[in-house]
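Remarks on the structure that follows.
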Amino acid sequence: MVLACAVRTREGRLAMELRGWQQRYRVNNAAQTAFHTVDFLRTTSYISDAYVHF
1 MVLACAVRTR
11 EGRLAMELRG
21 WQQRYRVNNA
31 AQTAFHTVDF
41 LRTTSYISDA
51 YVHF
């Protein structure tokens with residue numbers, strides 16, 4: 001019974017940590033996606049500018 005309580009507490013803590021990690025990952029992922037999108041747009045506009053020049 002004590003062991004079950006300890007395991008349940010540990011699982012609860014683990015679930016909380018996992019949720020926090022998922023939220024951090026989501027924020028980081030959104031930031032990375034935005035960065036890559038901006039980078040992609042900048043790259044494509046640079047390529048199109050070069051294409052216009054040549």
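Here the sequence shown is numbered in the numbering used here, starting from 1 and rising by one per residue. Note that the Cβ used here is the ideal one computed from N, Cα and C, for glycine as well.
For a test of your reading of the model: does the CB of residue i fall under 8 Å from any non-hydrogen atom of the ligand PLP? Yes or no.
i, result
"Gly20", "In the structure on display, the ligand PLP does not appear, and there are no ligands present to speak of."
In this structure, how does DSSP classify residue i when only helix, strand and coil are distinguished?
i, result
"Phe54", "A caution first: Phe54 carries a pLDDT of 48, below 50, which makes its placement in the model unreliable, though a value can still be read off. Correct three-state label for Phe54: coil."
"Met1", "Interpretation of Met1 is limited by its pLDDT of 46, a score under 50 that renders its predicted location unreliable; no figure is taken from the coordinates."
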